[in-house]
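Undergrad:
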Amino acid sequence: MKTRILRVDGDNICFKKIERAADLLRNGGLVAFPTETVYGLGADAFNSHAVARIFEVKNRPRFDPVIVHINSLTDIEQLCLKIDERAKRLMKRFWPGPLTLILPKSSRVPDIVTAGLPNVAVRMPSHPVALELIKKAGIPIAAPSANPFGYLSPTTAEHVKEQIGEKVDLILDGGKCPIGVESTVIDLTEPEPSLLRSGGLPLEEIEEVIGTVKISHVNPERPRSPGQLPRHYSPRTPIRILKDKKFKIPAGKRVGFLAVSPLNKELPYEMVEVLSSQGDLREAAANFFSCLHRLDRAGLDIIFAEPVEEVGLGRAIMERLRRASTKNNEIKKGGRKNTET
Ligand code: TXA
Ligand code: MG
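Residue numbering for the sequence shown follows numbering that gives the first Met the number 0, starting at 0 and increasing by one per position.
As structure tokens, this is what we get:
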């Protein structure tokens, strides 16, 4: 099947094309669409069959639940049982935006969406194409990132096409995702809020609104959020985080380098990708997956990555680098070892 891609960005968003995508969704189809974080692979959240197709296309284990995307605050009542004060404050301040909240689910949400958990993940994206798509479809949209399970997330329509293009009904091309890393996930189902995934909204900003947020440490045997699996976001090429500047480039190997800012001297790398011209974390996050996609396509033996400071968006970047650099055999041995080189 030839992949259908419709370009919808530019000066004016093309509403007619979004209408076609919304029709597909209402009829049980799968549509990949841009959000401000990464591209999502969407289906009608109330249609279990359509959601089951997401799992097939992504090769995603059924124990990993998906986020439901809404367009307005009134949509949330059909999804969640209880919306407490903390949730209300966060929604008011950060929605639409890169924040996902875990809340007790209503009986209308099919079990396949939440992988049988009593809670549902909800988010209101800020990308105009995503918002218009949900509005036109008139239903909440269940959507994980539009990549094969465990692989690098897509931040362009081209990434989606390369990875799963033939298996989806339509890709809406809204250009490059401006934030570039997935939403921050906060669990509000317990008295103490906890961070399940660092992402596009810095933890510091969330804590300004609801106070201290517990950082949920991962038990690899039983992750609280299934997406906390130790190996995730991974390129096919092995990746190593550099601990300090003193390291040896292995002889005879084709080594790529993921640099935070431009290098001030020539180093014998086969290929260098720079996250930000100014060493700015916002720009670095926006370029993170694109740089890794390019390095992964270059036929390298290994990718070395420079660490960033773990503040603001740096936390999201480091979390993804650590998971990307976890080897499968380290998981089998019972947990992620220190993968920094
Ligand atoms: O930015 C994003 O969040 C993107 C865009 C498309 O919205 N979506 C995304 O979805 O990253 P996904 O499926 O790749 O990651 C969702 C994460 C996973 O770690 C999943 O385990 C967790 O959220 N999650 C979803 N529902 C959950 C639930 N009911 N309880 C706990 N964790 C949940
Ligand atoms: Mg994902």
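Every residue gets a Cβ at the ideal spot worked out from N, C-alpha and C, and that includes glycine.
As the structure is a computational prediction, the values presented were derived from the model and not from experiment.
Beta carbon of ASN118: closer than 6 Å to some heavy atom of the ligand FMN?
TA: You won't find the ligand FMN in this model; what it holds is the ligand TXA and the ligand MG.
Undergrad: Can you tell me whether ARG296 is helix, strand or coil according to DSSP?
TA: Here residue 296 refers to the residue found at position 297 when the sequence shown is read from its first residue. The answer is coil: DSSP assigns ARG296 none of H, G, I, E or B.
Undergrad: Would you say the beta carbon of PRO143 comes nearer than 6 Å to a heavy atom of the ligand TXA?
TA: Here residue 143 refers to the residue found at position 144 when the sequence shown is read from its first residue. Result yes, Cβ under 6 Å from the ligand TXA.
Undergrad: In this structure, what does DSSP give as the bridge partners for VAL67?
TA: Residue numbering aside, residue 67 sits at position 68 when the sequence shown is read from its first letter. DSSP output for VAL67 lists VAL121 and ALA141 as bridge partner(s).
Undergrad: Rounding to the nearest angstrom, what Cα-Cα distance links ALA304 and ARG3 in this structure?
TA: Mapped onto the sequence shown, residue 304 falls at position 305. Mapped onto the sequence shown, residue 3 falls at position 4. Going by the C-alpha atoms only, they are around 35 Å apart.
Undergrad: Which same chain residues, not among the five before or five after GLU18, have their C-beta less than 8 Å away from its C-beta?
TA: Locating residue 18 in the sequence shown gives position 19, counting from the first residue. Cβ neighbours of GLU18 beyond the five flanking positions: LYS135.
Undergrad: In chain order, what are the residue ranges of uninterrupted beta strand (DSSP E) at least 3 long that sit wholly in the segment 230 to 291?
TA: Counting whole runs of 3 or more residues, the segment 230 to 291 contains the beta strand (DSSP E) stretches 238 to 240, 254 to 258 and 270 to 273.
Undergrad: Using a Cβ-Cβ cutoff of less than 6 Å, which residues in the same chain neighbour ARG321 once the five nearest sequence positions on both sides are dropped?
TA: As a first step, residue 321 is located in the sequence shown; it is residue number 322 there, counting from the start. Taken in chain order, the list of residues that qualify is empty.
Undergrad: Are the CB atoms of HIS126 and GLU35 nearer to each other than 7 Å?
TA: Taking the sequence shown and counting its residues from 1, the one referred to as residue 126 is at position 127. Taking the sequence shown and counting its residues from 1, the one referred to as residue 35 is at position 36. In this structure, GLU35 lies closer than 7 Å to HIS126 by Cβ.
Undergrad: Quick one: is ARG107 buried, meaning 16 or more other Cβ sit within 10 Å of its Cβ, or exposed?
TA: Within the sequence shown, numbered from 1, the residue matching residue 107 stands at position 108. With fewer than 16 other Cβ atoms within 10 Å, it is exposed.
Undergrad: Does the separation of the CB atoms of PRO192 and ILE209 fall below 7 Å?
TA: Mapped onto the sequence shown, residue 192 falls at position 193. Mapped onto the sequence shown, residue 209 falls at position 210. Yes, they are a contact pair.
Undergrad: What is the residue span of the alpha helix (DSSP H) that VAL184 lies within?
TA: Along the sequence shown, one-based indexing puts residue 184 at 185. From DSSP, VAL184 is part of no alpha helix (DSSP H) but of the beta strand (DSSP E) over 183 to 186.
Undergrad: Given the structure, does VAL37 come close to the ligand TXA, in the sense that its CB is under 6 Å from one of the ligand's heavy atoms?
TA: Taking the sequence shown and counting its residues from 1, one reaches residue 37 at position 38. Yes, the beta carbon of VAL37 sits closer than 6 Å to at least one heavy atom of the ligand TXA.
Undergrad: So, helix, strand or coil for ARG92, using DSSP?
TA: Within the sequence shown, residue 92 is the residue found at index 93, counting from 1. Residue state, collapsed to three classes: helix.
Undergrad: Label GLU84 either buried or exposed according to how many other C-beta atoms from any shown protein chain fall within 10 Å of its C-beta, with 16 as the threshold for buried.
TA: Taking the sequence shown and counting its residues from 1, the one referred to as residue 84 is at position 85. With fewer than 16 other Cβ atoms within 10 Å, it is exposed.
Undergrad: So who's on the other strand from PHE303, going by DSSP bridges?
TA: As a working mapping, residue 303 is identified with position 304 in the sequence shown. PHE303 pairs with ARG239 and PHE256.
Undergrad: Should GLY28 be labelled buried (16 or more other beta-carbon atoms within 10 Å of its own) or exposed?
TA: Within the sequence shown, the letter at position 29 stands for residue 28. If you draw a 10 Å sphere on the C-beta of GLY28, you find 16 or more other C-beta atoms in it, and that means buried.
Undergrad: For ASP110, name the three-state secondary structure that DSSP assigns.
TA: Taking the first residue of the sequence shown as 1, we reach residue 110 at position 111. It is helical.
Undergrad: Since PRO237 and ILE301 should fall inside the 8 Å C-beta cutoff, what is the C-beta to C-beta distance between them, to a whole number of angstroms?
TA: Working through the sequence shown from its first residue, we reach residue 237 at position 238. Working through the sequence shown from its first residue, we reach residue 301 at position 302. Confirmed, about 5 Å.
Undergrad: Between the Cα of PRO124 and those of PRO95, PRO117, LEU116 and SER152, spot the shortest distance and give me the residue it belongs to.
TA: Within the sequence shown, the letter at position 125 stands for residue 124. Nearest option by C-alpha distance: PRO95.
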